[in-house]
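Notes follow once the structure below has been shown.
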Amino acid sequence: RLRETLPPYQQKRLFHVAMPGPGRKAHQLNWALRPEVLREILSEDVDPRRVFVGVSDADSIPDPDTYRWIAHRELSGQGSLAYQGIPLSLANYDRLTIRGKICAIQQSSIFIRVSIARLLNEVKRVRLLGRLTAALPRLAWMIRPTFELFFRRAQICLGHNQFVRLDLMQAIGGFPTSGATEDSTLGYAIGRRGVLMQALPMVEVTDLPETSEGVIRQNARWYTGVLDDIPYLWNAWRTEPTAFNFAQWVRHLGNKMVEWPIAAIVYPATGWLGWYLAYHHEGHRFWFYMATGAPTISLLLTVWVGGIMTQALIEDLHPYLPRPVDLRRKSLQEKFLGTFRCQTYWLLATRGAWRVLWALARAGRYEPAKTDRVTGRRLPRSVTG
Numbered sequence: 106r107l108r109e110t111l112p113p114y115q116q117k118r119l120f121h122v123a124m125p126g127p128g129r130k131a132h133q134l135n136w137a138l139r140p141e142v143l144r145e146i147l148s149e150d151v152d153p154r155r156v157f158v159g160v161s162d163a164d165s166i167p168d169p170d171t172y173r174w175i176a177h178r179e180l181s182g183q184g185s186l187a188y189q190g191i192p193l194s195l196a197n198y199d200r201l202t203i204r205g206k207i208c209a210i211q212q213s214s215i216f217i218r219v220s221i222a223r224l225l226n227e228v229k230r231v232r233l234l235g236r237l238t239a240a241l242p243r244l245a246w247m248i249r250p251t252f253e254l255f256f257r258r259a260q261i262c263l264g265h266n267q268f269v270r271l272d273l274m275q276a277i278g279g280f281p282t283s284g285a286t287e288d289s290t291l292g293y294a295i296g297r298r299g300v301l302m303q304a305l306p307m308v309e310v311t312d313l314p315e316t317s318e319g320v321i322r323q324n325a326r327w328y329t330g331v332l333d334d335i336p337y338l339w340n341a342w343r344t345e346p347t348a349f350n351f352a353q354w355v356r357h358l359g360n361k362m363v364e365w366p367i368a369a370i371v372y373p374a375t376g377w378l379g380w381y382l383a384y385h386h387e388g389h390r391f392w393f394y395m396a397t398g399a400p401t402i403s404l405l406l407t408v409w410v411g412g413i414m415t416q417a418l419i420e421d422l423h424p425y426l427p428r429p430v431d432l433r434r435k436s437l438q439e440k441f442l443g444t445f446r447c448q449t450y451w452l453l454a455t456r457g458a459w460r461v462l463w464a465l466a467r468a469g470r471y472e473p474a475k476t477d478r479v480t481g482r483r484l485p486r487s488v489t490g
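Count along the sequence shown from 1, then add 105; that gives the number in the working numbering.
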């Protein structure tokens, strides 16, 4: 269908390759990157250093200036081996119900806070490490591993708005096929080689699953990828026992494997503990105020950051989206629920993680299902307010 909408001269430059038989996204991408396919698309003597492998999903709507920006960076001598932009789950925002819109805003904000922070700050950390070792060359043997252990973070690939140079992709061995999510594993593989990805200043919009079940399945698939990355990171550290590899393995266990399934438990547990301590220590002024004040302040900050500031942040990105999307909260119900039910997405994400853990406990395995992003109709269990 896309080919039919293009003028004839562009149709000749579009190649459609489909892998026969079943296979995950990584298998399909690697099948398209086989030497015989590359020879058909490119030429025999093509330089892999002049070719980039870009990845977007079927529901992706990229910024049309993305390729121009990368070409400008490469031709001006400011190029990189890999680029990563931010995908925002806003393409089908107008079709979502109130709860779906809350989830779209929260998921998009997670991509911004986590991915962009790593992409920008990791470059600053590496530069700081270089200055420290240059200023204290005799202590470089101690500064470098200590810095990499406590401060370095592997940058994140997101599987959308992602570009990796062909020679780097071939050196890695193609897209990793060991887990359910090839993008996170690819980010770790790139980080192991000491490559820093550049952040793209353009955003890409994608669809959010339009049902609660779809959001849960999406997060279950992502959490399966988190578990699949554990042996990969362990083997990476055993193969190359560096402080950087060890730090990524430890942080992955704590920040992803453990934090993801307990996210929805922390708030009620903390609140119950606070009021329990306040009741049993009402005669001790310090403990009473601490026990009642800490959960209250935490709740207020959750509403302020998650329900108010996050909405404002995403709305401020409206002029930079590749297509117009009205992100304003229109009705009083939408404003109220969007402010005070801002943790809705985390509840569904936690359910996805526990679904994986429960399946592993009962059957010893979990087979992630394909996410139904675009439905075209309302499924029985919709994401309703």
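Every residue gets a Cβ at the ideal spot worked out from N, C-alpha and C, and that includes glycine.
What you are looking at is a predicted structure, and each value in this text was computed from that prediction instead of being measured.
Item: Between which residues of its own chain and D272 is the CB-CB distance below 7 Å, once the five residues before and five after are set aside?; Value: P153, R154
Item: So the beta strand (DSSP E) G190 belongs to, where does it begin and stop?; Value: 187 to 193
Item: Between which two residues does the alpha helix (DSSP H) harbouring V228 extend?; Value: 222 to 240
Item: Reducing DSSP to helix, strand and coil, say where I166 ends up.; Value: strand
Item: Assuming G330 contacts G284 (C-beta within less than 8 Å), just tell me the rounded distance between them.; Value: 5 Å
Item: In three-state DSSP terms, what is M124?; Value: coil
Item: Compute the Euclidean distance between the alpha carbons of V156 and Q183, then round it to the nearest angstrom.; Value: 16 Å
Item: Give the DSSP bridge partners of E309, in chain order.; Value: P192
Item: In terms of residue numbering, what span does the beta strand (DSSP E) encompassing V355 cover?; Value: No beta strand (DSSP E) holds V355; the alpha helix (DSSP H) holding it covers 348 to 356.
Item: Out of R390, R356, L332, R446, point me to the one whose CA is closest to G469's CA.; Value: L332
Item: Run through DSSP, which three-state label would Q448 get?; Value: coil
Item: In this structure, does DSSP put T480 in helix, strand or coil?; Value: Bear in mind that a pLDDT of 42 at T480, under 50, signals an unreliable position, so the number given afterwards is only what the model happens to contain. It is coil, neither helix nor strand.
Item: How long is the line joining the alpha carbons of R381 and F393, rounded to whole angstroms?; Value: For the sequence presented, residue 381 should be read as Tyr rather than Arg. Each residue's Cα considered, the two are about 10 Å apart.
Item: For L301, which residues in the same chain have their Cβ closer than 6 Å to its Cβ, ignoring the five residues on either side in sequence?; Value: V228
Item: What separation, rounded to the nearest whole angstrom, lies between the Cα atoms of G481 and Y198?; Value: Caution is warranted here: a pLDDT of 42 is assigned to G481, below 50, making its placement in the model unreliable, and the coordinate value is therefore given only provisionally. The straight-line gap from Cα to Cα measures roughly 13 Å.
Item: Around the C-beta of M414, are 16 or more other C-beta atoms found within 10 angstroms, so that it is buried, or is it exposed?; Value: exposed
Item: Please tell me whether Q189 and L305 are closer than 9 Å, where the distance is taken between their beta carbons.; Value: yes
Item: Evaluate contact between the segment 164 to 177 and the segment 280 to 299, counting only Cβ atoms and requiring at least three cross-stretch pairs below 8 Å.; Value: no
Item: Only counting the same chain, and skipping five residues up and downstream in sequence, which positions put a Cβ closer than 7 Å to that of W354?; Value: L338, W339, W342
Item: If the criterion is Cβ atoms closer than 9 Å, does the pair I210 and G376 meet it?; Value: no
Item: Taking only the alpha-carbon atoms, compute the straight-line gap between G400 and V310 and give it to the nearest angstrom.; Value: For the sequence presented, residue 400 should be read as Pro rather than Gly. Using only the alpha carbons, I get a separation of about 36 Å.
Item: So, at 6 Å on beta carbons, what are the nonlocal neighbours of G159 in its own chain, with the 5 sequence-adjacent residues on each side left out?; Value: F268
Item: In angstroms, rounded to a whole number, what distance separates the CA positions of P366 and A245?; Value: 39 Å
Item: Expressed to the nearest angstrom, what Euclidean distance is found between the alpha-carbon atoms of L138 and M124?; Value: 11 Å
Item: Starting from R204, follow the beta strand (DSSP E) in both directions and report where the run begins and ends.; Value: Element bounds for R204: not the beta strand (DSSP E) but the alpha helix (DSSP H), 203 to 215.
Item: Flag this pair as yes or no: are the beta carbons of H265 and S185 separated by less than 9 Å?; Value: no
Item: Quick one: complete alpha helix (DSSP H) runs, 4+ long, within the segment 393 to 474?; Value: 415 to 421, 437 to 445, 449 to 468
Item: Could you give the distance in angstroms between the alpha-carbon of E315 and the alpha-carbon of L119?; Value: 31 Å
Item: Rounded to whole angstroms, what is the Cα-Cα separation between H132 and R297?; Value: 22 Å
Item: Could you give the distance in angstroms between the alpha-carbon of D168 and the alpha-carbon of I215?; Value: 20 Å
Item: Keeping to the same chain, check which residues put their C-beta closer than 6 Å to that of P485; ignore five residues upstream and five downstream.; Value: Per-residue confidence for P485 stands at a pLDDT of 37, beneath the threshold of 50, marking its modelled position as unreliable; no derived number is given.
Item: List the residues that DSSP assigns as beta-bridge partners of Q267.; Value: V160, Q189
Item: Let me confirm a value: R326 is counted as buried when at least 16 other C-beta atoms fall within 10 Å, else exposed. Which label applies?; Value: buried
Item: If we call anything under 9 Å between Cβ atoms a contact, is I203 one with Q416?; Value: no
Item: Alpha carbon to alpha carbon, how far is G388 from L234? Give it in angstroms, no decimals.; Value: 51 Å
Item: Taking the alpha carbon of L134 as the point to measure from, which residue in E420, M362, Q448, G278 has its own alpha carbon closest?; Value: G278
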